[in-house]
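Participant: Sharing a structure, written as structure tokens. Questions coming.
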Amino acid sequence: MTTERISRLGHLFRQERLSTEVTDLFREIINDHYRENARILPWRSTFDPYAIYVSEVMLQQTQVERVRVKYEEFLARFPDITTLAGAPLHEVLAVWQGLGYNRRAVLLKKCAETLMERFNGTLPSAAEALETLPGIGHYTARAIAAFAFGAAAPFIETNIRTVFIHLFLPDRDRVHDREILPLVEGTIDHTDPRRWYYALMDYGAHLKRTHVNPSRRSAHHTRQAPFKGSNRELRSRILRAVMAQPGISGAGLADQLDTAITAVIDNLQQMESEGLITLQQGLCRIP
Numbered sequence: 001m002t003t004e005r006i007s008r009l010g011h012l013f014r015q016e017r018l019s020t021e022v023t024d025l026f027r028e029i030i031n032d033h034y035r036e037n038a039r040i041l042p043w044r045s046t047f048d049p050y051a052i053y054v055s056e057v058m059l060q061q062t063q064v065e066r067v068r069v070k071y072e073e074f075l076a077r078f079p080d081i082t083t084l085a086g087a088p089l090h091e092v093l094a095v096w097q098g099l100g101y102n103r104r105a106v107l108l109k110k111c112a113e114t115l116m117e118r119f120n121g122t123l124p125s126a127a128e129a130l131e132t133l134p135g136i137g138h139y140t141a142r143a144i145a146a147f148a149f150g151a152a153a154p155f156i157e158t159n160i161r162t163v164f165i166h167l168f169l170p171d172r173d174r175v176h177d178r179e180i181l182p183l184v185e186g187t188i189d190h191t192d193p194r195r196w197y198y199a200l201m202d203y204g205a206h207l208k209r210t211h212v213n214p215s216r217r218s219a220h221h222t223r224q225a226p227f228k229g230s231n232r233e234l235r236s237r238i239l240r241a242v243m244a245q246p247g248i249s250g251a252g253l254a255d256q257l258d259t260a261i262t263a264v265i266d267n268l269q270q271m272e273s274e275g276l277i278t279l280q281q282g283l284c285r286i287p
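Quick note, in the working numbering, the sequence shown goes up one by one and the last residue is 287.
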């Protein structure tokens, strides 16, 4: 039945673009799947804007199952914006370990500090205001607006992109997001955008499990290099060593990590510019 509906959807879309019939059929396919296969995820059970924001930052470039555990641990230690803003960075980074891309933790804390200074410790509801905060870009701002405040703002992430390429552009390669965004906007369920986006994301995740990933046909698709042996792994090892031994030197790091001193120094300088560490007289510490 679903296969027949998908075939009919493609035929109608080629003839009518986003007619009412096309939009209704598309929503029916997505919502039917969601009713039977909705993923139970802890951040979907809350309307707390802060908790939703934390989940969105964690989910960037990180698998859902890894986030599931860290999300609850992070909120137990930093339950609100005030607590996070006042916490030492080394404590935030310690809880963050295992999620990767540690710069996100730095920006999360900076955002909490900015919220205390500019918004009385409260996340604003408008996407445009959210985008002015450290580390919150176009997607994250609109995801928070939708999931925390019920805003029907169009946005694209990898699972949403997968759905629209698979159902509306099945014979295309190098599909640009500028072609997808009008389709996202034209099919939003304005009565409950939060539920609608969850349903879209779950259908996209389903497609990735059951098909050759349709998002590979996106102009924006990139393959992530393996973590093992990468510079990302080296940065992670450097950060763990600095956290364990505050005041360690660059030479000490190179010796301990059995890594070329030039690679260590280059990374230390980059990590300092990102706010992950400080370098004082050649000694490394967490700010």
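Glycine is no exception: its CB is placed at the ideal position from the N, C-alpha and C atoms. Every value quoted in this text rests on a predicted model; they were computed, and no experiment measured them.
Could you check which residue in Ala127, Ala94 and Gln281 has the C-alpha nearest to that of Ala244?
Facilitator: Ala94
Participant: So if DSSP puts Leu283 in a beta bridge, which residue, or which two residues, is it bridged to?
Facilitator: Ser249 and Gln280
Participant: Starting from the N-terminal side, write out each stretch of the alpha helix (DSSP H) that is 4 residues or longer and does not extend beyond the stretch 112-156.
Facilitator: Segments of the alpha helix (DSSP H) lying fully in the stretch 112-156: 127-130 and 138-149.
Participant: Could you spell out where the alpha helix (DSSP H) holding Ile29 opens and where it closes?
Facilitator: Run containing Ile29: Thr20 to Asn37, per the alpha helix (DSSP H) assignment.
Participant: Which one of Leu12, Gln61, Thr20 and Leu283 has the shortest CA to CA distance from Thr187?
Facilitator: Thr20
Participant: Please classify Val175: does DSSP put it in a helix, a strand, or coil?
Facilitator: strand
Participant: Straight-line CA distance for Pro182 to Asn213?
Facilitator: Between Pro182 and Asn213, the alpha-carbon positions lie close to 22 Å from each other.
Participant: Straight-line CA distance for Arg217 to Val163?
Facilitator: 12 Å
Participant: With DSSP run on the structure shown, which of helix, strand or coil describes Ser230?
Facilitator: coil
Participant: Hey, is the stretch 144-154 in contact with the stretch 31-51, meaning 3+ C-beta pairs nearer than 8 Å?
Facilitator: yes
Participant: Let me know if Asn231 comes out buried or exposed under the rule of 16 or more other beta-carbons within 10 Å of its beta-carbon.
Facilitator: Of the other Cβ atoms in all chains shown, fewer than 16 fall within 10 Å of the Cβ of Asn231; this residue is therefore exposed.
Participant: Does the pairing of the stretch 49-56 with the stretch 135-145 give three or more beta-carbon distances under 8 Å?
Facilitator: yes
Participant: Alpha carbon to alpha carbon, what distance is there between His211 and Arg161?
Facilitator: 14 Å
Participant: Between the alpha carbons of Trp96 and Ala241, how many angstroms are there, rounded?
Facilitator: Taking the straight line joining both Cα atoms gives about 15 Å.
Participant: Run through the DSSP bridge pairs and tell me what Ala218 is partnered with.
Facilitator: In the sequence as presented, Ala is not what sits at residue 218; that position holds Ser. Ser218 is bridged to Val175.
Participant: When you compare the CB positions of Ile286 and Leu89, do they come within less than 7 Å of one another, or not?
Facilitator: yes
Participant: With distance defined between alpha-carbon atoms, name the residue in Ala38, Ile180, Lys208 and Arg174 nearest to Leu18.
Facilitator: Ile180
Participant: Within 8 Å, do at least three Cβ pairs link the stretch 76-90 to the stretch 252-261?
Facilitator: The stretch 252-261 vs the stretch 76-90: no contact.
Participant: Which value, in whole angstroms, describes the spacing of the CA atoms of Arg174 and Ile165?
Facilitator: 10 Å
Participant: Could you name the residues of the same chain whose beta carbon sits closer than 8 Å to that of Gly100, not counting the 5 residues immediately before and after it, in chain order?
Facilitator: Gln61, Thr62, Phe227, Arg232 and Ser236.
Participant: Quick test of your reading: Asn267 and Ala205, contact by CB under 8 Å. State the CB separation rounded to the nearest angstrom.
Facilitator: About 34 Å separates the two Cβ atoms, so there is no contact after all.
Participant: Secondary structure at Val184, three-state DSSP: helix, strand or coil?
Facilitator: helix
Participant: Helix or strand or just coil, what does DSSP make of Arg194?
Facilitator: helix
Participant: Any idea if Asn102 is buried or exposed, counting beta-carbon neighbours within 10 angstroms, 16 or more meaning buried?
Facilitator: Buried, since its Cβ has 16 or more Cβ neighbours within 10 Å.
Participant: Quick one: is Pro79 buried, meaning 16 or more other Cβ sit within 10 Å of its Cβ, or exposed?
Facilitator: exposed
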